[in-house]
Amino acid sequence: MPKKTIYIRDTDMPLWEQAESLATGESVSAILTEALQQYLEGFRPVYATIKLRGASLAFRARVHPASGGWLVAISEKSDMARAMSEAQIVLPQNMPTKDDAWLWLAPHQIDYMFVELPSSLGSMDFREYARRAWPILVKRLFAQQTLTYGELGELLGGLHPYRQVPQVLDIIEKWCLEHGYGDLTAMVVSKTTGLPGTDYWQQNGWAGIPVAEQVERWKKAQQQMIQQQWPEEAPF
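Take the sequence shown: its letters are residues 1460 to 1695, numbered as in my numbering.
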């Protein structure tokens, strides 16, 4: 199991041990790492202080979550070069190091990493993003083509699929339901299931029915929505 350094208070140890026992075969540190990666998906690269296994010193660099690990921006800073050398990570001699080279690190290569999380989430104008999303969803409705939360987030300039896109959809959904329109957020689906998220089923009163019936109602709702007159631009 890859080692992670996670600092907790002595008084929290019983709770930590209980969480470990409920982690269904995974360590809590692994779960936290996965949660952090999901949180950062959709953001531009952020900065982190990284301590590599085998290195005596930590270094600060831009990072971005990647499949099974982390992408770290390579630079010629002495602390990074020393850490790489001590961790026995050998880079190609002709590898570019001017902000256009990224190194993939696996979890077992990292002792700890302190990530500087974005702090500007609360100041975003989600209504403006909802206005921009409206024509995208209308076009998708008439083309009968769904898109994932991640795809919509990218079309809106890199919004986080789990933390920010749902807030955009809430605005659209609220307007549709209050004005007698079908729920346009039906066109946004989970990458895993290919179906709308939990909020869609709850808001439309279909949360407690079998999945097969949910799918049938979802498809029928789309056909009914096509018959409605939709504004090309957001009406809010």
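For each residue, glycine too, the CB sits at the ideal point set by N, CA and C.
Under the three-state reduction of DSSP, which class applies to residue i: helix, strand or coil?
i               : result
valine 1627     : helix
leucine 1580    : Low confidence applies here, because leucine 1580 scores a pLDDT of 44, under 50, leaving its location unreliable; read the following figure in that light. Leucine 1580 falls in the helix class under three-state DSSP.
proline 1694    : coil
tryptophan 1563 : strand
valine 1674     : helix
tyrosine 1659   : helix
arginine 1599   : helix
threonine 1607  : strand
leucine 1636    : helix
How big is the Cα-Cα spacing for residue i and residue j?
i               : j              : result
proline 1669    : arginine 1586  : 33 Å
proline 1694    : histidine 1638 : 10 Å
threonine 1652  : arginine 1599  : 18 Å
lysine 1462     : valine 1531    : For lysine 1462, the pLDDT reaches just 49, beneath the cut-off of 50, and the residue's location in the model is therefore unreliable, although a value from the coordinates is still provided. Using only the alpha carbons, I get a separation of about 19 Å.
lysine 1650     : threonine 1607 : 6 Å
threonine 1657  : glutamine 1673 : 11 Å
lysine 1633     : leucine 1562   : 43 Å
glycine 1664    : alanine 1680   : 13 Å
glutamate 1613  : proline 1620   : 9 Å
serine 1515     : threonine 1508 : 13 Å
alanine 1546    : alanine 1560   : 19 Å
proline 1655    : lysine 1678    : 11 Å
isoleucine 1410 : proline 1566   : There is no way to answer for residue 1410, as the model of the chain reaches only from 1460 to 1695.
Below 8 Å CB to CB, which residues in the same chain sit around residue i once its five sequence neighbours on both sides are set aside?
i            : result
proline 1594 : Glu1691, Glu1692 and Ala1693
leucine 1618 : Gly1501, Tyr1588, Leu1611, Gly1612, Val1624 and Val1627
glycine 1484 : For glycine 1484, the pLDDT reaches just 47, beneath the cut-off of 50, and the residue's location in the model is therefore unreliable, although a value from the coordinates is still provided. Excluding sequence neighbours, glycine 1484 sits near nothing in its chain.
Leaving aside the five residues before and after residue i along the sequence, list all residues of the same chain whose C-beta is less than 7 Å from its C-beta, in chain order.
i               : result
glycine 1616    : none
methionine 1543 : Leu1550
Spell out the partners DSSP gives residue i in its beta bridges.
i                  : result
valine 1574        : Ala1507
tryptophan 1593    : Note: tryptophan 1593 sits in no beta bridge, so no partner.
isoleucine 1569    : Leu1511
phenylalanine 1518 : Ile1509
Sorted by chain position, which residues of the same chain lie with C-beta nearer than 6 Å to residue i's C-beta, five sequence neighbours on each side aside?
i             : result
tyrosine 1588 : Leu1615 and Val1627
leucine 1643  : Leu1596, Ile1631 and Cys1635
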